[in-house]
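For reference, the structure is listed below as structure tokens.
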Amino acid sequence: MVQISVLVNLEAGDHRVALTPSAVTRYAKLGLSTLVESGAGLAAGFSDEAYAAQGAAIVSRQEALTQADALVTVRPPAAADLAGVRPGTKLIGGLAPYADPARMADYASLGVEAMALELLPRTTRAQAMDILSSQANLAGYHAVARATTELNRCLPMMTTAAGSIVAAKAFVMGVGVAGLQAIATARRLGAVVSATDVRPETREQIMSLGAKPVFEDIRDGDQLTAAAGGYAGEMSEAYRQRQAALVSGHIAMQDIVVTTALIPGRPAPRLISDAQIATMKPGSVIVDLAAESGGNVEGAVVGEMVERHGVKIIGLVDGASRLAVDASNLFARNCYNFIEAYWDKVGKTLAMAADDVLIEAVTLTRGGMIVHPRFVQAAAA
């Protein structure tokens with residue numbers, strides 16, 4: 002019988018787990034068994050007893066490694082933490098290949114088939130497997146929730162016997178999954194919300210959530226480079242300068258700014274400079290969701306809150322992890338959907354053809370070699 006294993010997440014500060022008790026039930030219905038390293042779900046609020054009640058076997062780390070046909074993971078484990086894993090075992094989940102390309106050589110030397118689900122294309126077929134979207138959605142929510150705890154005023158307009166309080170203003174920069182959720186959350190909390198993005202087509206999405214789009218007009222000669230897979234690309238320098246001028250005037254009036262702009266495989270674009278921060282009101286809050294990738298905000302510190310010109314800047318890390326129950330359930334469902342899509346119900350095996358478009362997109366290593374074209378070139382450089 003094919004066995005799916007999950008290990009204790011050893012990444013400091015990340016409380017998520019890639020296999021939850023509800024996912025155990027789903028795997029069992031397919032005919033797969035599950036092995037859970039004792040304590041793997043505790044940080045996310047799932048006890049060993051909860052897993053066992055759904056039919057999972059609670060085992061040691063060594064048993065989970067040596068008996069697994071596939072390992073699901075939220076964060077990329079170090080090679081040393083996979084000692085004993087069988088060659089050919091599939092390592093599926095969040096592997097952060099851009100963050101540490103050298104790790105792929107380690108996975109290749111172990112003989113595992115490493116599959117990074119964050120490399121899935123933005124297609125209809127892959128949507129239910131998309132770990133980036135499910136986790137970004139929660140991160141966008143948490144960014145606004147965190148900002149409200151640091152802001153020195155309330156968000157909604159209030160009318161009291163002592164007078165009225167005007168609504169706070171929130172500005173979201175980057176209208177992907179995280180940005181859209183940040184807009185929706187700030188709106189639900191009563192803020193006056195505006196947003197911007199390098200993609201003009203997001204204007205309608207912003208308006209559909211009741212927010213104001215903030216865009217510089219595109220002129221002849223402007224080049225907005227699109228990235229593969231439905232992600233945002235980069236602005237041309239001419240557009241960047243005009244947009245920066247527009248944003249400079251806009252952020253000076255904001256109480257909360259949330260930045261979410263990322264470019265896969267490259268440092269996050271700088272959206273807010275120190276000079277722009279200096280124009281904001283003291284007590285305002287900026288949340289940088291791209292801090293780990295270089296940061297959208299000058300002066301942001303990964304995992305910390307700093308103050309510049311009286312403005313609080315939060316370099317938010319693991320926003321989804323702070324909502325570990327929901328984040329784990331969504332992540333586990335993404336992994337299940339990926340595995341279920343390649344489950345041969347007749348042969349009772351995983352049928353992951355190397356030439357399948359999604360398998361090609363996510364597979365980093367196979368047969369002791371780095372096989373993903375993008376990272377083969379990086380390793381050879």
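Just so you know, we're using my numbering here: the sequence shown kicks off at 2 and counts up by one. For each residue, glycine too, the CB sits at the ideal point set by N, CA and C.
Supposed contact pair residue j and residue i - C-beta distance, whole angstroms, cut 8 Å
| i | j | result |
| --- | --- | --- |
| I264 | I287 | Contact doesn't hold; Cβ gap of about 20 Å is too wide. |
| A19 | A333 | 6 Å |
Helix, strand or coil at residue i according to DSSP, with G and I counted as helix
| i | result |
| --- | --- |
| D275 | helix |
| D289 | strand |
| F172 | strand |
| L92 | strand |
| Q68 | coil |
| D101 | coil |
| S195 | strand |
| D218 | coil |
| L324 | helix |
| T124 | coil |
| E114 | strand |
| S165 | strand |
| G316 | strand |
| K213 | strand |
| T280 | coil |
| Q4 | strand |
| T366 | strand |
| A45 | helix |
| E50 | helix |
| S298 | Correcting the residue type first, residue 298 is Val in the shown sequence and not Ser. If DSSP states are grouped into helix, strand and coil, V298 belongs with the strands. |
| V347 | coil |
| T160 | strand |
Closest residue to residue i among the options (Cα-Cα distance)
| i | options | result |
| --- | --- | --- |
| L351 | S23, L359, E361 and I340 | I340 |
| G46 | V298, A328 and V372 | A328 |
| R62 | A79, L36 and R76 | L36 |
| L120 | A355, M208, G320 and G266 | G266 |
| W344 | P22, Y28 and D15 | Y28 |
| V302 | H310, R241 and L317 | L317 |
| M254 | A168, M370 and L20 | A168 |
| T260 | H143, K346 and M208 | H143 |
| G95 | A106, R76, V25 and R104 | R76 |
| G56 | S48, T26 and A115 | T26 |
| F172 | S165, G211, M105 and R243 | G211 |
| E293 | I315, L365 and D131 | I315 |
| G284 | P374, I278, G311 and V215 | G311 |
| V372 | A115, H16 and A84 | A115 |
| V194 | A239, I360 and I207 | I207 |
| P98 | A51, P78, K313 and D356 | P78 |
| A355 | K91, R17 and D49 | K91 |
| R104 | D82, R123 and A69 | D82 |
| S39 | L8, P102, P201 and G32 | L8 |
Start and end residues, alpha helix (DSSP H) containing residue i
| i | result |
| --- | --- |
| L72 | Unbroken run through L72 is the beta strand (DSSP E), A71 to T74; no alpha helix (DSSP H). |
| I257 | No alpha helix (DSSP H) contains I257, which is instead part of the beta strand (DSSP E) from I257 to T260. |
| I132 | I132 to E151 |
| M208 | T203 to S209 |
| V252 | According to the sequence displayed, residue 252 carries Ile and not Val. Segment E238 to I252, the alpha helix (DSSP H) holding I252. |
Host beta strand (DSSP E) of residue i (start-end)
| i | result |
| --- | --- |
| A179 | Unbroken run through A179 is the alpha helix (DSSP H), V178 to R189; no beta strand (DSSP E). |
| E38 | S34 to E38 |
| A24 | Note, A24: premise wrong, no beta strand (DSSP E); alpha helix (DSSP H) at P22 to L31. |
| V9 | Looking at the DSSP string, V9 is not in any beta strand (DSSP E), and its letter there is neither H nor E. |
| I59 | A58 to V60 |
Residues near residue i in its chain [Cβ-Cβ closer than 6 Å; skip 5 each side]
| i | result |
| --- | --- |
| V145 | A183, T186 and A187 |
| A53 | I59 |
| N338 | A129 and M130 |
| S34 | M2 and Q4 |
| E217 | R243, Q244 and L247 |
| I278 | R309, H310 and V312 |
Residue i: CB within 8 Å of a non-hydrogen atom of the ligand FMN
| i | result |
| --- | --- |
| A140 | Ligands in the displayed structure: none, and consequently the ligand FMN is not present. |
Chain-order list of residues whose beta-carbon lies under 7 Å from that of residue i (same chain, five-residue window excluded)
| i | result |
| --- | --- |
| A137 | G177, V178 and A179 |
| G191 | L156, P157, M158 and A168 |
| D275 | E299, G300 and R309 |
Residues of its chain near residue i, where Cβ-Cβ distance is below 8 Å and the 5 sequence neighbours each way are ignored
| i | result |
| --- | --- |
| L324 | L139, Y142 and H143 |
| P88 | L111, G112, V113 and G369 |
| V215 | F172, S195, A196, T197, L247, V248 and H251 |
Cβ of residue i within 9 Å of any chain D Cβ
| i | result |
| --- | --- |
| A71 | You won't find chain D in this structure, because it holds only one protein chain. |
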